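Everything below concerns the one structure shown next.
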Amino acid sequence: MKKLKHIIEFAAVVIAGLFLRILPYGLVLCLGRLIGDFAFYILKIRRKIVLRNISFVFPEKNESEIKAIARDSYRNIGMSFMEFLSLPRIKKIGVLRFVDFEGTKPLDNLVAEKKGAVLIGAHFGSWELLGAALCAKGYPLDALFYRQHNEYFNNLVESYRKMVGLGLIPLKFALRTCLKSIKRGRFIALLADQDAGRRDGVFVKFFNRYAATNKGPAVFALSTGASIFMGFCIRQKPSHKHKIIFVPVEYKFTGDMEKDIFEFTCAYTKIYEKFCAEYPDHWFWFHKRWKTGKTPGDNFYA
């Protein structure tokens with residue numbers, strides 16, 4: 106039954122992707138917004154978690170304001186999913202026609218010098234379009250990825266990512282492969298905004314509450330000396346374009362590994378916290394970001 110369910114899900118996505126290619130692009134995004142509304146108002150997918158997260162981060166906002174942020178977040182996810190399914194069409198038209206860049210001069214310099222870098226992303230805005238745009242701009246990019254539970258859908262996702270020029274690194278082989286890629290002058294991209302658990306995370310404050318945060322970027326920075334940047338894809342309303350912004354993560358390592366990992370993780374967390382506060386409808390509030398409490402028994406979602 107599980108395999109049949111996966112096949113049906115995969116078939117639905119493929120058919121939807123083919124259908125989207127014949128629709129006007131504005132209508133595609135409109136459909137994404139409608140899907141977001143359906144998920145928020147009717148299906149109520151993870152709605153309690155979303156509202157819990159937003160109400161904690163914005164205690165000064167009233168109930169209607171919190172629900173408006175949540176609804177707009179669902180809409181953004183719907184539009185981003187439609188954009189992902191439309192990647193073959195977007196690539197054919199020209200990915201760079203859909204984006205503007207800001208803060209990429211340091212990346213251009215690294216490419217010219219054949220030096221690698223680590224690009225930290227978040228489930229923020231249209232993150233799949235962000236990767237496609239970087240490849241279209243000519244950056245040598247490898248991305249760490251989790252395999253999807255549905256192997257058919259996973260293969261589709263991988264094929265789309267490879268189509269736009271992304272190199273893919275399974276998390277199972279992450280550290281060794283990433284170090285080799287950086288030494289070859291390639292950029293490594295990873296999303297680092299979800300609960301990392303006790304084993305793989307370090308507890309730093311995110312919106313004034315300790316969150317188990319991915320220490321991978323700090324480990325890569327310590328191991329390679331590579332430059333580290335955070336990237337964000339921001340939807341430019343009412344147009345179909347996005348602004349892609351890169352911000353350097355600035356920190357001077359001291360030689361104290363434990364301290365450096367903690368302080369560096371704090372530094373990049375503060376950057377994406379700022380963007381989440383400024384563009385709250387862009388972030389993926391569906392995840393239990395504070396799932397792992399700093400002390401056992403501390404359950405934020407109880």
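Numbering (the numbering used here), first residue to last: 106 to 407. Ideal Cβ positions, reconstructed from N, Cα and C, are used throughout, including at glycine. Note that this is a predicted model, so its numbers are computed, not measured.
(request) Measure how close the beta-carbons of Thr-397 and Arg-252 come, nearest whole angstrom, since I'm counting them as under 8 Å. (result) Not really, about 22 Å apart at Cβ, beyond 8 Å.
(request) For Ile-376, I'd like the list of residues in its chain whose CB is within less than 6 Å of its CB, leaving aside the five on either flank, ordered along the chain. (result) Correct list, in chain order: Met-335 and Val-352.
(request) Output yes or no for whether 9 Å exceeds the beta carbon distance between Trp-388 and Phe-229. (result) yes
(request) Leaving aside the five residues before and after Arg-291 along the sequence, list all residues of the same chain whose C-beta is less than 8 Å from its C-beta, in chain order. (result) Gly-221, Pro-245, Leu-246, Asp-247 and Gly-272
(request) Indicate whether the contact test is met: 3 or more Cβ pairs, each with one atom in the stretch 152 to 159 and one in the stretch 354 to 369, closer than 8 Å. (result) Because the criterion of three Cβ pairs below 8 Å is not met, the stretch 152 to 159 and the stretch 354 to 369 do not touch.
(request) Could you give the DSSP three-state label for Thr-209: helix, strand or coil? (result) coil
(message) By DSSP's criteria, Met-184 is part of a beta bridge. Which residues make up the other side?
(response) None, per the DSSP bridge assignment.
(message) Taking 9 Å as the threshold (C-beta atoms), are Ile-349 and Glu-207 in contact?
(response) Taking 9 Å as the Cβ cut-off, Glu-207 and Ile-349 qualify as a contacting pair.
(request) List in chain order: all unbroken beta strand (DSSP E) runs of 3+ residues lying wholly within the stretch 204 to 264. (result) 204 to 207, 222 to 226 and 246 to 250
(request) Return the residue from the list Ala-382, Met-106 and Ile-182 that minimises the CA-CA distance to Phe-312. (result) Ala-382
(request) Measure the Cβ-Cβ separation of Gly-183 and Arg-138 and say whether it is below 9 Å. (result) Taking the C-beta atoms as reference points, Arg-138 is found nearer than 9 Å to Gly-183.
(message) Between Arg-180, Phe-124, Glu-170 and Pro-164, which has its C-alpha nearest Leu-190's C-alpha?
(response) If we check each option's Cα against that of Leu-190, Phe-124 comes out closest.
(message) In chain order, what are the residue ranges of uninterrupted beta strand (DSSP E) at least 3 long that sit wholly in the stretch 306 to 337?
(response) 306 to 311 and 314 to 319
(message) Just to confirm before moving on: does the CB-CB distance between Ala-317 and Val-324 stay below 9 Å?
(response) no
(request) Spatial neighbours of Gly-270 within its chain, please: CB distance less than 6 Å, with the 5 preceding and 5 following residues excluded, ordered by chain position. (result) Cys-240
(message) Between the alpha carbons of Tyr-265 and Ala-116, how many angstroms are there, rounded?
(response) 15 Å
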